[in-house]
Every structure is written in structure tokens, then in C-alpha cells.
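In the numbering used here, the protein residues as written are 20 to 196.
Below: the structure, in C-alpha cells.
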Amino acid sequence: MKKKIRIIAAAGFILFLGLSYLMNFAPGEEMGRKIWLFTLDMIKILLCAFILIGLFEVWVKKETVEKHLGEGSLSMGYIWALLLAGTTVGGLYVAFPVAHSLYKKGAKLSVIFTYISAAAVFRVPMAVFEASFMGLKFTAIRFSVSLPLILLSSILLGAYLKKKDYSIRDGEIYQKR
């Protein structure tokens, strides 16, 4: 039933865009242009990101990820996660596939949660843009407040899931029984 509703909604929206172009309805035409530009931007970003993730899968050994981001990494795993997140371009569109790849290579859950959270908050391009508009003081305060919260919540969530014996399988979290 949900699939039918999604198909009907998508078909209705495509019909709306088509009729907007035929009837010169400016808001509908603008929506169509924006969707097209957004789609092209996502294709550019995701294409490059997936190529890099594929190279990561092939070139980086599982032992390397386990050593630096796995159970034995201690606090350095979180530092590596923050550094990796700071350089991630494309936001969470790219961060989730990278996180999945890290998990498959042996990174611990709390480090992955740190990476995903930091990718949403600590990206260098975003920080530069933010500082130019909001000021360096605002950016520094946001970082200093966000960083401890990200680390604390990641560590607590990772510990909770490990205690409950959860694992990630096919992109979803399951409890082992």
C-alpha cells in the first residue's frame, strides 16, 4: 500500500511539473529547474564520492582500519574520526556510505557515530562559510559546545549497543539473539 501511495505521489508531482511547463506556471517551472539542478549537483558529488569509497574498499586494508578506528584505538579513533569528518565533502550523503565502509572494515560503533555526527557539524568548508557570515567567535562557540556532546553521545550509544549485543547487518542495526 505504501509503495502504491509513493508511486501515485511521484506520478502526480511529475504530472504537475509537466503541466506547469505546458501552461507557463512560473512556480512549477521554477520547482522543476531547482530539482534538475539539485539532481545534477548530487550526481556530481555522489559519483566522485562512490569512486573514492570504492578505492578505499580496495586500497585500505581491514587491519589498518581496525588498528586506527577499531576496538583497540582508544581515544585516537575519535580523533581520526573527527579529522576524517572535517574533510568529508557532500555532507551526510557521503558520510553514511563512508561510515558503512568503515564498519565493514572493523571500526567500532562509537567511532562511526562520532564520524557521522562530526560530518554533519565539523566539515571544514561549512565552518569557513559559517565563520565568514556568523563570525569566528560564533563558530568557535558552536564547535566547543558540539564536540563534547558528539563524543559523549557517540560513546554512550556505542557502549549501549555493544552491551545489548547489537550489530549492523545490511545497513540496519539488529540485536543478536
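Cβ atoms here follow ideal geometry from the backbone N, Cα and C, with glycine treated the same way.
Residue i vs residue j beta-carbon contact at 8 Å
i	j	result
LEU34	GLY47	no
TYR134	ALA114	yes
GLY109	ILE72	no
MET42	TYR112	no
Member of the options whose CA lies at the smallest distance from the CA of residue i
i	options	result
LYS127	GLY154, PRO144 and TRP99	TRP99
VAL130	VAL113, ILE64 and ILE174	ILE174
LYS220	GLY51, LYS22, TYR112 and LEU88	What the structure shows of the chain is the stretch from 20 to 196, and residue 220 is not part of that stretch, so it cannot be assessed.
SER92	LEU71, GLY125, CYS67 and GLU76	GLY125
ARG188	ALA139, LYS182, THR158 and SER120	SER120
THR107	ILE24, ARG142 and PHE75	ARG142
Counted within 10 angstroms of its Cβ, other Cβ atoms place residue i as buried (16 or more) or exposed
i	result
ILE27	exposed
PHE69	exposed
ALA104	buried
PRO144	exposed
Between the CA atoms of residue j and residue i - distance to the nearest angstrom
i	j	result
PRO167	LEU101	12 Å
LEU155	LEU180	37 Å
ILE169	SER136	6 Å
MET50	GLY96	43 Å
PHE162	GLU90	26 Å
GLU82	LYS183	26 Å
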